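Notes follow once the structure below has been shown.
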C-alpha cells in the first residue's frame with residue numbers, strides 16, 4: 011500500500027510522537043546497547059554449554075521439528091513435538107490452571123514481540139527504504155492492517171496480564187507447597203533463598219509493568235488525539251482513555267502524559283531485554299529448546315559413562331551440553347520437589363535443590379552472572395564456594411543426598427521443561443561407588459552380586475530351588491525349545507516370602523497350557539538396580555553373562571516377574587545384542603484370562619492396585635493389571651496417585667539394599683496410609699519388591715488387621731474355576 015502514513019485522519023499512529031529528533035537518536039543508541047548486551051549475555055550461556063560433552067540429540071530435535079500437525083499437541087513417545095511445546099502441553103499436565111495461565115503469558119509475549127518486529131520492519135525498513143527511491147513514504151502500518159494489529163495486540167496483551175495476575179496471586183496468596191523454597195537438605199550454617207524469591211517477583215513485576223505501561227501509553231495517546239473513532243479497535247486502551255477523560259484529563263494533559271509514559275515504557279522494555287540472559291527470564295528461550303531435545307528414555311536406558319581418565323562426574327567437562335542446559339532450564343516450579351519420595355520421606359534430597367546447587371556451582375566455575383536467582387549460605391559450604399577442585403559428588407552435592415534417590419523417575423515425568431534428573435544422579439553416584447563411599451549394606455549387596463550373581467549371596471544352583479514344590483518339571487530353555495522364557499529375578503527366586511507366589515504363577519501357566527521354561531542357574535540378576543547405584547562395571551558383567559545365557563537358550567519371547575528386570579531386558583539389553591519381546595507377567599495373565607485360556611470365577615473383592623514405578627512410569631504398563639483385576643471380578647478403587655503418577659515404594663535405585671531407619675516415614679508407609687483411607691480389602695501389587703516393602707509397611711504402620719498385601723498372582727490362583735466335586739456332579743445330573 012502506498013500512502014502518506016501520517017496523513018490526517020488515517021487509521022494509524024505515529025511511532026515517535028512528540029519525541030523529536032534528539033529523543034529518537036537517544037532511543038536508537040539505547041536500543042543498540044540493549045541488543046549488544048543481550049547477545050553478549052546469550053553468548054556467555056552458549057559458551058558454557060559448549061564446554062559440555064556431546065549429547066547426541068540431533069535425531070531427537072529432528073523428530074520434534076517434523077512431527078505431523080495432527081500429533082503436535084500430544085506426547086509422541088518420549089519426545090515433545092513443536093506443536094506440544096507451542097500448546098504448553100508440558101506445563102498444563104497435572105496443573106490445568108497453571109497451564110492455561112502460562113499459555114496466555116507465553117502467547118501474549120510472543121504476540122507482542124511479533125508486533126514489535128512488525129512495527130520495526132515498517133518504520134525502520136519499509137518507510138526508510140521507500141524514501142531512498144521515491145518522494146512518497148510507503149507503509150503498511152495503516153488502514154485495515156493497523157485495525158487488525160490493534161485488536162490482536164490489545165487482546166493478547168490482556169490475556170498475558172490476566173495470566174500474570176493469576177501467577178502472582180498463586181505465588182503471593184495461595185502459596186502452594188511446591189513453591190515453598192525450603193531445602194530438603196539443611197546446611198549446617200543455614201541458608202537463604204530470599205534472592206531467589208526476589209528474582210521471581212522481579213520477573214513477574216517487570217513483565218507486568220511493560221504490559222500495563224503499554225496500555226497507559228495507548229490510553230494517553232487516544233486522549234491526546236481526541237478519541238479518533240478507529241481507536242475503538244484498541245479496546246483496552248480505549249476503555250482506559252475514557253476512564254482518564256472522565257476523571258478530567260484534557261487532550262493537552264494526555265499528550266504530556268504520553269510523552270513521559272513513552273520513555274517509561276521504552277526504558278522498561280529495553281531493560282527487560284537486557285535482564286533476560288542474566289536472570290530467570292532466560293527460561294523463555296531455554297525451556298522450549300530443552301523440551302525439543304528432551305528424551306525421557308535416557309532414564310530407562312542410561313547413557314554410558316563418560317570416556318575420561320576417571321569414573322563418574324568430577325569436573326565441568328564431564329557433563330553433556332544437554333545436562334548443562336537442564337540446569338539453566340529449571341524454573342523452580344517445585345513439581346519434582348513435591349512428588350519426590352525421598353523428600354516426602356524426610357531424606358535430604360529434592361530434585362529441584364540438586365539442580366539449583368549444580369547450576370550455582372557451574373555458574374561459579376564459568377564466571378556466570380546470574381542476577382538474584384541464587385542461594386546464599388551462612389558458612390563457607392555449598393556450591394558457591396566450592397572450587398574447581400571440589401568433588402561434585404560429596405562437596406557440591408552431599409553424598410547422602412545422592413544415595414537418597416530411588417530412581418523412580420517421577421521428577422523426570424512431571425518436569426514441564428524436560429530436565430533429566432535421574433541420569434545425572436547416576437553419573438554422580440558412579441564417582442561415589444568408585445571411591446567406596448556408600449552404605450555398608452549396599453556394599454555387601456554389590457559384593458554378593460559380583461560373586462554369586464544375586465544380592466542374597468546364595469549359590470546360583472539354589473536359584474530354581476523354589477520349583478521343587480511343584481508336581482511338574484519346568485523345562486530348561488537351554489536344553490529344549492519353549493515359547494516363553496521366564497526371567498524370574500532375584501527376589502521371586504530367593505526370598506522365602508515370595509517363593510509361593512512364583513510357584514502359584516508356574517501352576518497357573520502350566521494349567522493353561524503355556525509353554526514356558528527357565529534358565530535355571532544360568533540366570534543372574536538383570537542389573538537394573540546395580541547400574542542405577544552407579545556400579546557400571548558390575549552391570550556390564552551381569553549383562554554380559556545374561557546375554558550369553560539368552561543366546562544359548564531356545565525361546566521366542568520373554569516374560570518376567572520383576573518390573574526392574576523388565577526395564578533392563580526391554581530397554582538396555584538390546585544395545586548389547588539381546589533383542590527380544592519382553593512382557594510383564596500381568597500382561598501375559600491378562601491375555602490368558604480374557605481369551606478364556608484361564609477360567610476364573612468372580613472374587614467380588616474391593617481392592618486397590620499399586621503401580622510399580624518401573625512398570626507404569628518407565629514402561630507404560632498400566633492397563634494390563636487393571637484388565638486382569640476387572641476380569642477377576644474385583645472392584646478396583648484407585649489411589650489418588652496412580653498410573654504414571656504412582657508413588658514409589660522406596661526400593662528402587664538400590665535403596666532396597668540400604669538402611670532406611672533414619673527416614674521420618676518410609677515411602678512404603680506413606681503409601682499404605684494412602685490406601686487405608688479407601689477402605690479396601692486388599693492392597694494388590696505386581697512386583698516382588700513391592701510385596702516385601704509393603705508387607706513390612708503394613709506391620710510398621712500397625713495396619714495388619716485393616717489391610718492385606720497380595721500379589722495379583724495369588725488372586726488369580728484363588729479365582730481359578732475348580733472342577734466340581736464328584737457328589738456335586740452326581741447331584742447335577744440326577
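Residue numbers (the numbering used here): 11 to 744.
Where is the CB? At the ideal position from N, CA and C, for every residue including glycine.
Here the structure is a predicted model, which is why all the values come from computation and not from measurement.
Residue span of the alpha helix (DSSP H) that contains residue i, given as start and end
i	result
residue 331	331-339
residue 129	106-130
residue 191	No alpha helix (DSSP H) holds residue 191; DSSP gives it neither H nor E.
residue 346	345-349
residue 277	261-285
residue 458	450-462
residue 437	431-444
residue 817	Within the shown structure, residues of the chain are numbered from 11 to 744, placing residue 817 beyond reach of any answer.
residue 421	420-424
residue 153	153-179
residue 539	538-543
residue 256	245-256
residue 674	No alpha helix (DSSP H) contains residue 674, which DSSP labels as neither H nor E.
residue 293	293-302
residue 139	138-143
Rounded separation between residue i and residue j - CA only
i	j	result
residue 631	residue 374	43 Å
residue 746	residue 538	Any property of residue 746 remains undetermined from this structure, which presents the chain solely from 11 to 744.
residue 338	residue 288	11 Å
residue 502	residue 532	16 Å
residue 336	residue 355	25 Å
residue 594	residue 670	28 Å
residue 546	residue 634	32 Å
residue 115	residue 169	7 Å
residue 83	residue 654	Annotation note: pLDDT 38 at residue 83 (below 50); position unreliable, coordinate value reported separately. So the two alpha carbons sit approximately 19 Å from each other.
residue 536	residue 404	29 Å
residue 386	residue 341	18 Å
residue 248	residue 350	49 Å
residue 428	residue 305	8 Å
residue 494	residue 412	38 Å
residue 211	residue 290	10 Å
residue 87	residue 186	At residue 87, the pLDDT of 49 sits below 50, so the modelled position is not reliable and the matter cannot be decided from this model.
residue 85	residue 668	With a pLDDT of 40 at residue 85, under the threshold of 50, the modelled position of this residue cannot be trusted, and the question is left open.
residue 101	residue 258	45 Å
Any chain B beta carbon closer than 8 Å to residue i
i	result
residue 614	The displayed structure is made up of one protein chain only, and chain B is not part of it.
Beta-carbon proximity check, residue i vs residue j, cutoff 8 Å
i	j	result
residue 642	residue 610	yes
residue 324	residue 347	no
residue 487	residue 527	yes
residue 477	residue 516	yes
residue 688	residue 726	no
residue 572	residue 499	yes
residue 344	residue 174	no
residue 407	residue 367	yes
residue 612	residue 440	no
residue 333	residue 62	yes
residue 619	residue 576	no
residue 171	residue 226	no
residue 433	residue 553	no
residue 542	residue 436	yes
residue 352	residue 416	yes
residue 534	residue 564	no
residue 692	residue 603	no
residue 607	residue 637	no
residue 60	residue 331	yes
Bridge partner(s) assigned by DSSP for residue i
i	result
residue 567	494
residue 720	694
residue 202	386
residue 616	645
residue 574	Paired residue(s): none; residue 574 is not in a bridge.
residue 1	The requested residue 1 does not occur in the structure, where the chain is confined to residues 11 to 744.
residue 63	330
residue 97	Paired residues: none, contrary to the question.
residue 730	610
residue 403	407
Whole runs of the alpha helix (DSSP H) within the segment 468-531, excluding any shorter than 4 residues: 500-504, 509-521
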